[in-house]
Amino acid sequence: MDQANTKVIKQRTVFSRLLSYLKRDQKRLIAAFALLIIATGTDLLGPIIIKIFIDDHLTPRSFEPSVMVLMAGGYIGIIVLSCLLNYVQLVLFQTAAMNIIQSMRIDVFSNVHDLGLRFFDRTPVGSLVSKITNDTEAIKDFYVSVLSAFVQNIVYLAGIFIAMFYLNVKLGLFCLVLLPVIGFIMVLYRKYSSQSFLHMREKLSELNAKLNESLQGMSIVQVFNQQRRLKKEFADVNKEHNEAWMKNIKYNGLLLRPAVDLVYVLAIMIVLSFFGIKSFSSPVEIGVIYAFVNYMDRFFEPVNMLMMRLSMFQQAIIAGSRVFELLDEDDQAPGTKGSSDPVITEGAIEFKNVTFSYDGKHPVLKNISFHARPGETVALVGHTGSGKSSITNLLMRFYELQQGEITIDSVPLSHYRNDELRSKMGLVLQDSFLFAGNIAHNISLFNTDITRERVKEASDFVQASEFIEKLPDGYDQEIGERGSTFSTGQRQLISFARTMAFEPKILILDEATANIDTQTEDAIQHALHKMRSGRTTIAIAHRLSTIQDADQILVLHKGEIVERGTHQELIQFGGLYFKMYTLQQKDKPTEEVS
Amino acid sequence: MQDLNVFWDLMWYFKQEKRRYLTGIALLSLVSLCLLVPPKIIGYTVDHIKNNSLTERQLGSYMLILAAVAVTVYILRFFWRVLIYGASIQLALLLRNRLYTHFTNMSPRFYQKRRVGDLMAHSTNDLQAIQQTAGDGVLTLVDSSMMGGFTLITMASTISWKLTLISLLPLPFMAWSTSRYGTMLHERFHKAQEAFSEMNDKVQESISGARVIKAFGQEEEDVDAFKALSKDVVQKNIAVAKVDALFDPTISLVVGASFFLAVSYGSFLVLNGELTIGQLVSFTSYLGLLIWPMLAFGWLFNIVERGRASYDRVTALLKVNDVISEKEDGIQKTPAGSVVVNLTSFSFEENGQKALQDIHFELNEGKTMGIVGKTGSGKTTLCRLLLREFEVEDNQIFLAGHDINDYRLHAVREAIGYVPQDHFLFSATVAENIAFGKYRASFQDIKQAAKDAAVYEDIVQFKNGFETVVGERGVTLSGGQKQRISIARALLTEPELLILDDSLSAVDARTEEDILKNLKRKRKDKTTIITAHRLSSVGHADLILVLDEGRMVQKGTHEELIAVPGWYRDTYERQALESLIAKGG
Ligand SMILES: Nc1ncnc2c1ncn2[C@@H]1O[C@H](COP(=O)(O)OP(=O)(O)OP(=O)(O)O)[C@@H](O)[C@H]1O
Ligand SMILES: Nc1ncnc2c1ncn2[C@@H]1O[C@H](COP(=O)(O)OP(=O)(O)OP(=O)(O)O)[C@@H](O)[C@H]1O
Ligand SMILES: [Mg+2]
Ligand SMILES: [Mg+2]
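Respectively, the protein sequence lines represent chains X and S.
In terms of the numbering used here, the first sequence opens at residue 1 and continues consecutively.
In terms of the numbering used here, the second sequence opens at residue 1001 and continues consecutively.
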């Protein structure tokens, strides 16, 4: 019960927030509403004219030509006018709704870009994408179909009631009975049908998530011969989805149009009985009957419409709550402190007692301190999972620092503006990622300063130009889904070239050459060596030959620096470099071998 | 009009579900008939009132009839919905399963050429449009023809055919204009959809590549690119709205004109005594009944138009036959034995560049082979050929003495445990990921596989141990952890042939040695193929191939290869330092 209550309240806040977006295109919407009301009003005049015609002219058979022309002209004029107004009104509404949605989409999209990687770590891509595109699309329906339908139909219903009261107060009162009946059906509908509708949507997104993942990992599925199992799993969810859907169809069958039409006949019965009984005692104006029957016909179209839009409404509210959740997400990327706008000139990096944990419990880095002087190369080595990539994550300010301090040129990292940091620091990620588009775009991204020349230079630098130039379209070669037609090493070279094209002051290489052969790697090393003056480099590698020239090697073990020095020093310095191996060999629990 | 053909295309399904459809349509027609009753009753009542001849009994029986009709219609409507919509969603289920099955049969070539986003769109939007055709499409077709027809007949036969004819004069105008709007809408709608899917793809890219975009500080530029795309979506959608908004006013106009004609000409007839006022009232009531069939007609075109396009796309997709061909009577038994390759040439595209040529080797059961070579030299390609991920000609690759093409696909793949170079983990728990290839494995076995892959210690350190859910594609794991979980996944299936494709690149020298030691011990009698850039991974192999630009340039054991000048010795010398350290001296 309580839960249901909070849910309702939450729905209300979502609703009012959705309404508050209307401000974004206020003028257009006000115009649309005004036209809508006028159009509805004119529309409702039609039956009254016919009523007057039947009662005052047809029944008494008085047809004065001038009056007839006036009435006919009035009637036609009203129809044409209301059609025109309706058209303009519809277009205005749609345009306004689309503008609102566009601005909402841009808000969400840019907000997502402001979020920290911690957020991306825990949120599946598919669900984010569907929030930004599909959910906003559902909200569009809220503005286009639901809101305008509600306004239009409520105005219409009000108009009908006014007209009915104008025609016959008593009968109008009787017809008021219809409102609670319809209200009751709506409540029932919301309770059962909307619920089952939501359940069905949940199943559908489960289904799509499964499909999406299968499509991405199909080669693994096939290689491991798991097609049959996954097909079964998929078919099971598919079946559940269909069952939920079927249930929804049944509820709709019980509560939507069929139910409303049942009430419609009830209404007709009220009208006919009313006039029938009245006719026992006094004469009745036939035109009034006509008008009432006609209004009843018109009355139920909007009611049906409203009922149909209810599930859309419900869906929009759910979609809205998902989108607002994303907009309110405050797992922001670490921001800038102070407004001094420092600039990186030297590239001196210092870590002071940095301790870090992803989940707030298990520390991944403990008390890390080191200093990289401008132009130096610092290498990080250590067992897998020892925290090397995490150090680069902190240096790139992907995650908020928890304890200790990181400085660049003696200024705390947190004082730099993001664009300053990102334009001076270049990272080659451990997992290379290629975007759709051609190779040149993948290297320059959106940076228009990077000319084709520079793209080529960068590719040359990382030894990628050789294979790129062999491609049929060279640098303009389009890249398939995630670059699947390139070898892993080639993909890594492209993303390396991307970093070099940005000419960073500080270069961070996280296993940048792990999938690349030694000859190519040596050539890259050589090139880097030539360019090293003035560029600070942090390099991570398991292949120790990669980092032998480093000015400083830090050996990480379970998040701590256990060893540091140059390569030579480490070997001569009492062999701690290998002692680590022997020590750990002893540390290893014997069960592993058993 | 020819869009209606989609019903022919779907005939196989209608036939399959003919009971549901026929009953449903029968019920629908009954409903249409029942709906003709109330206007008649209204007319009678009005006439009686007018003539002051209404009695209480009469009024009572009229009301009873109305109530009976209403309840009947309610019940009938419920059931036709269950029948027809039930059948239509069944079709969606069927096609969805069919598509999924189809996807599982497609080879990597298929996926290389297509974007996941587009495939998803086919399985969601297109299926929805087809379902609508089989549900609402049938409904609108039946309703517009039945109800429209019945109503027209009643109007013409029981009231006045002249009046019917006159008041329907505006109808051709409606048919003409809606079909015109239809064509306009079609084009614009198509463009709007394209714009939307382009935007969708963009978002997908941006989110998947968020790390890269952040690292390069390209957020603002990316938002700008998105703005442009979303603006395009808005413009295209407004263009749609401008046409879409024509429908309702046009229909109102036509309906209004019909009413006008009905009332004016009807009054004329009343004056002439050819019609009673009650009849006129019920006539306008019938006209009201015609609105829905007219709307339904317009809607029908909308539905079948989309349904037709979607059905064509889905059938085209289902027809794509990018499968690895299998012999019906192929060998079912999993091959266990030697691997012999006599490859003369292989290319990804027909008549395309040769990716591999002249590769010959023999690998006996229980032996280990290493493949090394430059980036892009074809190591992965060779591994994937052994898995039959791509087609090779006959007599080029032999497993256990038989041509690889003579085996059933599942037999080949059961024999092989593959650790791909690009690890792909599913968003499931660590245990489920390791057990992916052998779903019913005991926890004991899973643990053992993790230990053999030297990842056990890492896993137990996680907050939830083996039950830790790895993020999408394993984002919350370190590079080496992902790699070793994939190794464990392959080891658990205890394959006859294990292929490690550069799978030790992200682990340190000691862990690598541990894993290699475990492999040696565990897989004494089984065959193993390892590709690597670090020669330490393949130094112990019984046979080492060196590839360069798709050709085999050297072949031999480690000792043989370092004895002669060449790529292998060169690399060895460059890496010597590392092995020096790893060996502790
Ligand atoms: N985004 C994340 N969220 C939670 N935990 C993480 C995340 N990234 C890494 N970890 C965990 O932190 C630890 C250190 O990971 P890190 O990636 O820094 O290791 P690494 O030294 O780079 O290892 P490798 O050599 O295998 O790449 C690992 O146990 C890993 O599971
Ligand atoms: N599916 C594909 N379609 C077309 N060309 C491909 C495809 N896969 C790979 N190639 C090309 O074939 C060549 C060999 O690629 P392969 O992946 O076998 O190299 P590799 O030796 O494994 O390299 P790496 O050491 O980088 O992993 C490369 O030039 C690559 O671009
Ligand atoms: Mg790492
Ligand atoms: Mg490869």
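For every residue, glycine included, the Cβ atom is placed at its ideal position computed from N, Cα and C.
Note that the structure is predicted; figures quoted are calculated from it, not measured.
1) I'd like to know if X:Ile160 contacts chain S, where contact means its C-beta is closer than 8 Å to some C-beta of that chain.
2) DSSP three-state call for S:Gly1417: helix, strand or coil?
3) Which stretch, first to last residue, makes up the beta strand (DSSP E) that contains X:Pro363?
4) If S:Arg1473 and X:Arg543 are in contact, beta carbons under 8 Å, what's the gap, nearest whole angstrom?
5) Would you report the Cα separation of S:Leu1169 and S:Ile1075, rounded to the nearest angstrom?
6) From the DSSP output, which residues share a beta bridge with S:Gly1556?
7) Determine, using beta carbons only, whether S:Asp1458 comes closer than 8 Å to chain X.
8) Would you verify that the beta carbon of S:Met1146 is, or is not, closer than 8 Å to some beta carbon of chain X?
9) Consider the Cβ of S:His1540: report whether some Cβ of chain X lies at a distance smaller than 8 Å.
10) Check this for me: beta carbons of X:Val144 and X:Phe93, under 8 Å apart or not?
11) With S:Val1037 and S:Ile1084 assumed to form a contact (beta carbons below 8 Å), what rounded beta-carbon distance in angstroms separates them?
12) Buried or exposed, going by whether 16 or more other CB atoms sit within 10 Å of the CB of X:Gly77?
13) Under a three-way DSSP split, which group does S:Thr1164 fall into?
14) Grab me the residues of X:Phe161's own chain with a C-beta within less than 8 Å of its C-beta, minus the 5 sequence neighbours each way, in chain order.
15) How about S:Ala1400: is its C-beta nearer than 8 Å to some C-beta of chain X?
16) Specify the secondary structure class of X:Asp121 as computed by DSSP and reduced to three states.
17) With three or more C-beta pairs closer than 8 Å as the rule, is the segment 452–467 of chain X touching the segment 1227–1239 of chain S?
18) Please confirm if the segment 1027–1037 of chain S is in contact with the segment 1055–1075 of chain S, defined as three or more CB-CB distances below 8 Å between the two stretches.
19) Excluding the 5 residues preceding and the 5 following X:Val411 in the sequence, name in chain order all residues of the same chain whose CB lies nearer than 6 Å to its CB.
20) Which residues does DSSP pair with X:Ser357 in a beta bridge?
21) Mind listing the chain X neighbours of S:Asn1097? Cutoff is C-beta to C-beta under 8 Å, in chain order.
22) Please classify X:Ser16 as buried or exposed, where buried requires at least 16 other C-beta atoms within 10 Å of its C-beta.
23) Secondary structure at S:Asn1406, three-state DSSP: helix, strand or coil?
24) Check each candidate in X:Phe33, X:Arg24 and X:Ile79 and name the one with the smallest Cα separation from X:Gly46.
25) Going by DSSP in three states, S:Val1341 sits in which element: helix, strand or coil?
26) Determine the chain S residues that contact X:Lys599 at a beta-carbon separation under 8 Å, and present them in chain order.
27) Would you mind telling me which residues of chain C sit closer than 8 Å to S:His1410, beta carbon to beta carbon, in chain order?
28) What residues in its chain sit with their C-beta under 6 Å from that of X:Glu592, if we drop five residues either side in the sequence?
29) Since X:His529 is in the alpha helix (DSSP H), which residue starts that stretch and which ends it?
30) Excluding the 5 residues preceding and the 5 following X:Leu310 in the sequence, name in chain order all residues of the same chain whose CB lies nearer than 7 Å to its CB.
31) What residues are listed by DSSP as bridge partners for X:Gln552?
32) Is the number of C-beta pairs between the segment 226–235 of chain X and the segment 1036–1055 of chain S that are closer than 8 Å three or more?
33) Closest Cβ-Cβ distance between X:Phe502 and chain S: below 8 Å?
34) Tell me which same chain residues have a C-beta within less than 6 Å of the C-beta of X:Leu509, skipping the five on either side of it?
35) Please state whether DSSP places S:Glu1328 in a helix, a strand or coil.
36) Suppose contacts are defined by Cβ-Cβ distances below 8 Å. Is S:Thr1151 in contact with S:Leu1290 by that definition?
The structure says:
1) Residue mapping note: residue 160 of chain X aligns to position 160 of the first sequence, counting from 1. It does not: the Cβ of X:Ile160 has no partner Cβ on chain S nearer than 8 Å.
2) The residue labelled residue 1417 of chain S in the question sits at position 417 within the second sequence. Strand, per DSSP.
3) Numbered from its first residue, the first sequence carries residue 363 of chain X at position 363. Residues Pro363 to Ala372.
4) To locate residue 1473 of chain S, count along the second sequence from 1; it is residue 473. To locate residue 543 of chain X, count along the first sequence from 1; it is residue 543. Actually they are not in contact, since the Cβ atoms of S:Arg1473 and X:Arg543 sit about 24 Å apart, beyond 8 Å.
5) Here residue 1169 of chain S refers to the residue found at position 169 when the second sequence is read from its first residue. Here residue 1075 of chain S refers to the residue found at position 75 when the second sequence is read from its first residue. Distance between the alpha carbons of S:Leu1169 and S:Ile1075 is about 35 Å.
6) Position 556 of the second sequence, counted from the start, is the residue given in the question as residue 1556 of chain S. Answer is S:Ile1544, bridged to S:Gly1556.
7) Here residue 1458 of chain S is taken as the residue at index 458 of the second sequence, counted from 1. Output row for S:Asp1458: interface = yes.
8) Here residue 1146 of chain S is taken as the residue at index 146 of the second sequence, counted from 1. Output row for S:Met1146: interface = no.
9) Locating residue 1540 of chain S in the second sequence gives position 540, where the first residue counts as 1. No, no contact with chain X.
10) For the purposes of this step, residue 144 of chain X is taken as residue 144 along the first sequence, with counting starting at 1. For the purposes of this step, residue 93 of chain X is taken as residue 93 along the first sequence, with counting starting at 1. In contact: X:Val144 and X:Phe93 (Cβ atoms closer than 8 Å).
11) The residue you call residue 1037 of chain S lines up with position 37 of the second sequence. The residue you call residue 1084 of chain S lines up with position 84 of the second sequence. At roughly 23 Å, the Cβ-Cβ gap does not stay under 8 Å, so S:Val1037 and S:Ile1084 are not in contact.
12) The count along the first sequence starts at 1 and reaches residue 77 of chain X at position 77. Exposed is the call here.
13) One-based indexing of the second sequence puts residue 1164 of chain S at position 164. Correct three-state label for S:Thr1164: helix.
14) The count along the first sequence starts at 1 and reaches residue 161 of chain X at position 161. Cβ within range, chain order: Gly172, Cys175 and Leu176.
15) For this step, residue 1400 of chain S is matched to residue 400 along the second sequence. False, the Cβ-Cβ gap to chain X never drops below 8 Å.
16) On the first sequence, residue 121 of chain X is found 121 positions in, with the first residue counted as 1. Helix at X:Asp121.
17) no
18) yes
19) As a first step, residue 411 of chain X must be located in the first sequence, where it is residue number 411. Result list for X:Val411: Pro342, in chain order.
20) Start at 1 with the first residue of the first sequence, and residue 357 of chain X comes out as number 357. Paired residues: X:Pro363.
21) Taking the first residue of the second sequence as 1, we reach residue 1097 of chain S at position 97. Under the 8 Å cutoff, chain X gives Lys231, Phe234, Ala235 and Asn238.
22) Residue numbering aside, residue 16 of chain X sits at position 16 when the first sequence is read from its first letter. Burial call: exposed.
23) Within the second sequence, numbered from 1, the residue matching residue 1406 of chain S stands at position 406. The amino acid at residue 1406 of chain S is misidentified as Asn; the sequence shows Asp. The answer is helix: DSSP assigns S:Asp1406 an H, G or I state.
24) Locating residue 46 of chain X in the first sequence gives position 46, counting from the first residue. The shortest Cα separation from X:Gly46 among X:Phe33, X:Arg24 and X:Ile79 belongs to X:Ile79.
25) Here residue 1341 of chain S is taken as the residue at index 341 of the second sequence, counted from 1. Looking at S:Val1341 - three-state DSSP - the assignment turns out to be strand.
26) The structure shown does not extend to residue 599 of chain X, since chain X is modelled only from 1 through 594, so no value can be given for it.
27) You won't find chain C in this structure, because its protein chains are X and S.
28) Numbered from its first residue, the first sequence carries residue 592 of chain X at position 592. Here X:Glu592 scores only 31 on pLDDT, less than 50, and its place in the model should not be relied on; the value that follows carries that caveat. Around X:Glu592: no qualifying Cβ.
29) Locating residue 529 of chain X in the first sequence gives position 529, where the first residue counts as 1. First-last of the alpha helix (DSSP H) with X:His529: Thr518 to Lys530.
30) Taking the first sequence and counting its residues from 1, one reaches residue 310 of chain X at position 310. The residues are Met186, Tyr189, Arg190 and Ser194.
31) As a first step, residue 552 of chain X is located in the first sequence; it is residue number 552 there, counting from the start. Answer by DSSP bridge pairing, in chain order: X:Val378.
32) no
33) Your numbering for residue 502 of chain X matches position 502 in the first sequence. Yes, X:Phe502 counts as interfacial toward chain S.
34) In the first sequence, counting from the first residue as 1, residue 509 of chain X sits at position 509. So the list reads Val428 and Ala539, once near-sequence residues are dropped.
35) As a working mapping, residue 1328 of chain S is identified with position 328 in the second sequence. The answer is coil: DSSP assigns S:Glu1328 none of H, G, I, E or B.
36) Here residue 1151 of chain S refers to the residue found at position 151 when the second sequence is read from its first residue. Here residue 1290 of chain S refers to the residue found at position 290 when the second sequence is read from its first residue. Cβ atoms of S:Thr1151 and S:Leu1290: closer than 8 Å.
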